[in-house]
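First up is the structure itself, then whatever we jot down about it.
Number of protein chains: 4
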Amino acid sequence: MNRHHTAVLLMVCPDCNGIIANVTALLARLGANIVYLDQHTDHESAMFFMRVEWDLECFSVSLDDFKTIFTHESARKFDMIWELYQSAVHQRMAIFVSKYAHCFLDLLARWRTASLNVDISVIISNHEQVRTDAERFSLPFEHIPITAANREAQTEEQIRVLNEYRTDFIVLARYMQIIPPALINAYSNRIINIHHSFLPGFPGAKPYHQAYVRGVKIIGATAHYVTEELDAGPIIEQDVQRVNHKFSVDDLIATGQDIERSVLARAVQAHIERRVLVYNNRTVVFS
Amino acid sequence: MNRHHTAVLLMVCPDCNGIIANVTALLARLGANIVYLDQHTDHESAMFFMRVEWDLECFSVSLDDFKTIFTHESARKFDMIWELYQSAVHQRMAIFVSKYAHCFLDLLARWRTASLNVDISVIISNHEQVRTDAERFSLPFEHIPITAANREAQTEEQIRVLNEYRTDFIVLARYMQIIPPALINAYSNRIINIHHSFLPGFPGAKPYHQAYVRGVKIIGATAHYVTEELDAGPIIEQDVQRVNHKFSVDDLIATGQDIERSVLARAVQAHIERRVLVYNNRTVVFS
Amino acid sequence: MNRHHTAVLLMVCPDCNGIIANVTALLARLGANIVYLDQHTDHESAMFFMRVEWDLECFSVSLDDFKTIFTHESARKFDMIWELYQSAVHQRMAIFVSKYAHCFLDLLARWRTASLNVDISVIISNHEQVRTDAERFSLPFEHIPITAANREAQTEEQIRVLNEYRTDFIVLARYMQIIPPALINAYSNRIINIHHSFLPGFPGAKPYHQAYVRGVKIIGATAHYVTEELDAGPIIEQDVQRVNHKFSVDDLIATGQDIERSVLARAVQAHIERRVLVYNNRTVVFS
Amino acid sequence: MNRHHTAVLLMVCPDCNGIIANVTALLARLGANIVYLDQHTDHESAMFFMRVEWDLECFSVSLDDFKTIFTHESARKFDMIWELYQSAVHQRMAIFVSKYAHCFLDLLARWRTASLNVDISVIISNHEQVRTDAERFSLPFEHIPITAANREAQTEEQIRVLNEYRTDFIVLARYMQIIPPALINAYSNRIINIHHSFLPGFPGAKPYHQAYVRGVKIIGATAHYVTEELDAGPIIEQDVQRVNHKFSVDDLIATGQDIERSVLARAVQAHIERRVLVYNNRTVVFS
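What follows is the structure, given as structure tokens:
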């Protein structure tokens, strides 16, 4: 997955014949060496999804020129919604975190070893617990405490801070506050949450306690984009681990934290690599 | 897991000190060579669970005598509920099945190759589709069709047939009818159902369709004992498989059938080997 | 994966720009509704692999005509090796089996429930143990015993029987004899073997005993095409299960048989659906 | 897995009747509330293994007195090798690391969030790359470069540093140097290595390259105790991930690093919780 010096084109349009032929012919004409192409047709909605990535080295036009050409020769013809990215341009990720630091530290470690090709814009927390960790890695930390009374004002403050640090997307690394619509709308399909259960099982609070009571033999975690309905947004990634009757609630929590870490990291990775498309509250996650 | 010529003792009692010492001392005195011992304490309910299995070869008393001794020296003292089995005695399993034959044929194959040490008492179906398969393996087949009008009478007929064929427990191998309380009570914690979702997600009808709409990235199956509340009985075994946006509902069904097969087989195996204890609508499944 | 009334085109050629554009443009011109397209570039060998599947309903030419057109407009230009199939045409599968029947019965069950869209041409065994099972399902059974002395002659007899029953490919469902080069060459990349270990670990005889001695925490199985070097052919599918110190060799065998069953079934499914390409002793398995 | 204020007794002895009865009777007499008991009999070697953990709150004797009593009443009688630990006493872990920091940072994160109940004695590296990371967390860092010429002297230096920082056990978190016998003997069964393949497949150098060439469909990692034979020590933990033909060597490395992280963390956790016994180059890992 060497993604340096490539362009990524993501597109959605009504399904019909000839889309792949059109786009690949255009790219071939412009000298693009395609390093990735995958597409998906959702037969229920009759929609077509595609991700194409090509090497920019021998590409004969600038990306700005390409946008114009593509609009005229492909996008308008097939009524496409589309996005174009350069994989060399790092996105700027804000991390929201409360007291549990395991997902937060895992993201920092992956960022530090460059396994996540991302810039961290700012750490925002409603508590002070992880300030030291942010400072260890010389990252900006903003303490924005939330109460029932100040929620609205603090949401505005969060948006101001996110803007100040030029944030492209947000990761809720076990952030224990409801995200208000104002923030969701400002970052539509760009807020990734990790929920500590295998959704749709055990939504809401204390999922590990719920799992204990129900006596499940497998627990999981779910990374999804945040929408206004709690824990019901489009799922990006899930994973599970086998447990048994010997697991206390504390054991479930400890095991679950490992799942949360890796599920969140994989979802963030997919988002960063522009591999995720959202449609009808579901995701297409290209491999 | 060579379990021939052994005795299995399953017990539940309020937790307190000295239970293991008491039971193992008794068994040691009687010459038992313990081949398996595992126990579990549920700290929430303060209950203690144990499974002990020992070789009968050098055991110095008959199992009938042992029952008397055990009652006096252990069971009464610790207020135990307990069961004693000989692993050499095969249980008699009835299989209920409707039209989907994959779980049914998988159980037959495992029985045929002796990977399931069980006798099959009778096949009961509300349809005729699997009659030929039952006959291939020379197994008794009873067609008991169910309608809203005849359900009560047919349940009585089912119980009569089950008794006639001396049935110890029932496996619902994708049997698409609600089990009425009369039958549940006759075989309490002895009816194993396979539900084609990862419970508690997607209970009830058409779980693969529900999974498709929700856009989950993993699907599963759940084997549980049947209780009066639909799909809410004690879970014996679960497993899952990774899926993605390319899976149509038909693909989910095909993938799910593989999970159903193996989850049901493992649950039946655990039940046969007397490794399952039920308490508070949860199971202890000894390994 | 509803694959009825479709055509499948598999191709391999040296990588260069414009292949996808060429092929998809041709198909678009001929009215093909593409239901599947995936491609892969092996950067080490600079080879390009593609699988395209399209609905035949609105396709404007016969497949014979398409072959001519495709040869002229695509295949020659890019120096392709290619194959064209109709997914509605069932392949004919022979099963070789010795004494262990678990994989064999699993394949029969999947064939019986139409989860494997295949015809069974003939069952060949060096033993008599599974004759009854073949007869249960009214399948031709040929007993061809093998000794060191008669191996060569019996291989010819096997090939004669395979031809008589018009066999497209062979599945070794735990067949405990070395396959001689004469047979391998007659069915190159069309003999699927299930090896009962996670290759390259534990090749050769008694892998579960080897796994026990080494104390591994996970065991597996491997389905691969048979080549002259034992257990070294191109791997189609693998899977694993967690085990622990409590597993005796017999337990490893019992657990392993479950893995063997599902790994072999998935490999056969991939082969039947024309999703496998072999190159440099490795496989491309399209999803 | 709440392990505070408990004692852990690990024992190995020739198998015979009455061991469990003897030990549990002794503990019951001394007021021990057993919170964990598991045992294992290796029938091949006829050896018995047991791990017992009990709450120290109501225990009527000191651990020193218990050692004397236990020696007289149990250990001598059954010819036991045994160890006694207090779970409240943190072990001191040294980490050896070269250039790859992913396992190292993961261990630090788990130590920082107290999911690993351990003290870190010292970080030893043959390179300078992770010095900054050690310093971020205020941990002692010793740079001990290794060449063919200085290996012997530097091993002595390593042992000196390990002693100086009072080290109980060593974790090789992707440390790319052979460990000489002098160090192995000083920390017998107390050096945990993470090998980046699913052993016994792909021992030695560049396992991901080997995996690529062989075309495996699953890759893995293995944590084991270091012995003099390279990559052949007793396996503590393994795990795997599914891969496919699209994975380049770099992709295999990236995916593999995730497996390495979690496998190493779980092995360290098992070691810290005194759940591992070694016998005949295999491990018993109690759950």
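Chains as they are written, first to last, in the working numbering: chain Z, 8 to 294; chain C, 8 to 294; chain H, 8 to 294; chain P, 8 to 294.
Positions of the beta carbon are idealized from the N, C-alpha and C atoms, including for glycine.
{"Asked": "Would you mind telling me which residues of chain C sit closer than 9 Å to Leu-63 (chain P), beta carbon to beta carbon, in chain order?", "Found": "In chain order: nothing, as chain C lies at least about 14 Å away."}
{"Asked": "Counting only Cβ-Cβ distances shorter than 9 Å, please list the residues of the segment 60 to 85 of chain H near chain P, keeping chain order.", "Found": "none"}
{"Asked": "Among the residues of its own chain, which have a CB less than 6 Å from the CB of Arg-197 (chain H), if the five just before and after it don't count?", "Found": "Phe-176"}
{"Asked": "Asp-258 (chain Z) CB to nearest chain H CB: under 8 Å?", "Found": "no"}
{"Asked": "Out of H:Val-270, H:Ser-294, H:Ile-225 and H:His-50, which has the shortest C-alpha to C-alpha gap to Phe-254 (chain C)?", "Found": "H:Ser-294"}
{"Asked": "How long is the line joining the alpha carbons of Gly-25 (chain P) and Gly-38 (chain P), rounded to whole angstroms?", "Found": "20 Å"}
{"Asked": "Applying a beta-carbon distance threshold of less than 7 Å, which residues of chain C neighbour Ser-248 (chain P)?", "Found": "The identity of residue 248 (chain P) in the sequence shown is Gln, whereas the question assumes Ser. What Gln-248 (chain P) touches in chain C: nothing, since even the nearest Cβ is about 11 Å away."}
{"Asked": "Kindly indicate the opening and closing residues of the alpha helix (DSSP H) around Asn-170 (chain C).", "Found": "158 to 171"}
{"Asked": "When you compare each of C:His-134, C:Ile-260 and C:Ile-242 to Gln-184 (chain C) by their alpha carbons, which one comes out closest?", "Found": "C:His-134"}
{"Asked": "Among C:Cys-23, C:Lys-106 and C:Val-168, which residue has its Cα nearest to the Cα of Ser-52 (chain C)?", "Found": "C:Cys-23"}
{"Asked": "When the Cα of Leu-284 (chain H) is compared with those of H:Val-59, H:His-97 and H:Trp-118, which residue comes out closest?", "Found": "H:Val-59"}
{"Asked": "At a threshold of 7 Å, does Leu-115 (chain H) count as lining the ligand GDP (C-beta to nearest heavy atom)?", "Found": "The ligand GDP is absent from the structure shown, which contains no ligands of any kind."}
{"Asked": "Does Ile-266 (chain H) have its Cβ less than 8 Å from a Cβ in chain Z?", "Found": "no"}
{"Asked": "Against chain Z, does Arg-138 (chain P) count as a neighbour if the rule is that its beta carbon must be under 8 Å from one of theirs?", "Found": "no"}
{"Asked": "So the beta strand (DSSP E) His-231 (chain Z) belongs to, where does it begin and stop?", "Found": "225 to 232"}
{"Asked": "Quick check on this structure: which residue in Z:Phe-205, Z:Asn-157 and Z:Gly-211 has the alpha carbon closest to the alpha carbon of Phe-209 (chain C)?", "Found": "Z:Phe-205"}
{"Asked": "Hey, Met-18 (chain P) and Met-54 (chain P) are a contact pair by Cβ (cut 8 Å); roughly how many whole angstroms apart?", "Found": "The pair is not a contact, with the Cβ atoms about 11 Å apart (cut-off 8 Å)."}
{"Asked": "Contact between the segment 99 to 110 of chain H and the segment 93 to 108 of chain C: three or more CB pairs below 8 Å?", "Found": "no"}
{"Asked": "For Arg-268 (chain P), which option in P:Arg-282, P:Ala-230 and P:Asp-257 has the closest C-alpha, if you only look at C-alpha atoms?", "Found": "P:Ala-230"}
{"Asked": "I need the DSSP call for Val-68 (chain H), collapsed to helix, strand or coil.", "Found": "coil"}
{"Asked": "With a cut-off of 8 Å, does the C-beta of Ala-261 (chain H) fall near any C-beta of chain C?", "Found": "yes"}
{"Asked": "Start and end of the beta strand (DSSP E) containing Asp-126 (chain C)?", "Found": "126 to 132"}
{"Asked": "Just curious, the alpha helix (DSSP H) that Tyr-215 (chain H) is in, first and last residue?", "Found": "214 to 221"}
{"Asked": "For Tyr-194 (chain Z) and Val-96 (chain H), I'd like the C-alpha separation in whole angstroms.", "Found": "50 Å"}
{"Asked": "Should Phe-144 (chain Z) and Leu-115 (chain Z) be called a contact, given that it needs their Cβ atoms to be closer than 8 Å?", "Found": "yes"}
{"Asked": "What residues from chain C crowd round Gln-46 (chain P), counting only those whose CB sits closer than 8 Å?", "Found": "Leu-44"}
{"Asked": "Would you check if the distance between the CB atom of Ala-180 (chain C) and the CB atom of Cys-110 (chain C) is smaller than 8 Å?", "Found": "yes"}
{"Asked": "Short of 7 Å in beta carbon distance, which residues of its chain neighbour Asp-86 (chain P), apart from the five on each side in sequence? Order them along the chain.", "Found": "Cys-20 and Pro-21"}
{"Asked": "Determine the direct distance from the alpha carbon of Val-125 (chain P) to that of Pro-2 (chain C), and round the result to whole angstroms.", "Found": "As shown, chain C starts at 8 and ends at 294. That puts residue 2 (chain C) outside it, with no answer to give."}
{"Asked": "Give the residues from the segment 28 to 40 of chain Z that approach chain H closer than 9 Å (Cβ to any Cβ), ordered along the chain.", "Found": "Ala-28, Asn-29, Val-30, Thr-31, Ala-32, Leu-33, Leu-34, Ala-35, Arg-36, Gly-38, Ala-39 and Asn-40"}
{"Asked": "Hey, how far is the Cα of Ala-274 (chain Z) from the Cα of Asp-265 (chain P)?", "Found": "14 Å"}
{"Asked": "Considering only C-alpha positions, which residue in the set Z:Val-247, Z:Ile-226, Z:Arg-282 and Z:Asn-288 is nearest to Leu-237 (chain Z)?", "Found": "Z:Asn-288"}
{"Asked": "Can you name, in chain order, every residue of its own chain whose Cβ lies under 8 Å from the Cβ of Leu-259 (chain P), other than the five neighbours on each side?", "Found": "Tyr-215, Ala-218, Tyr-219, Ile-226 and Val-250"}
{"Asked": "In chain order, what residues of the same chain lie with their CB nearer than 8 Å to the CB of Ile-199 (chain Z), ignoring the 5 residues before and after it?", "Found": "Phe-176, Ile-177, Val-178, Leu-179, Ala-230, His-231, Tyr-232, Val-233, Ile-243, Leu-271, Ala-274, Val-275 and His-278"}
{"Asked": "Please list the terminal residues of the continuous alpha helix (DSSP H) segment that includes Pro-188 (chain Z).", "Found": "188 to 193"}
{"Asked": "Taking the straight line between their C-alpha atoms, what separation do you get for Arg-10 (chain P) and Ala-189 (chain Z)?", "Found": "Note that Arg-10 (chain P) has pLDDT 43, beneath the 50 cutoff, so the model's placement of it is unreliable and no number is given."}
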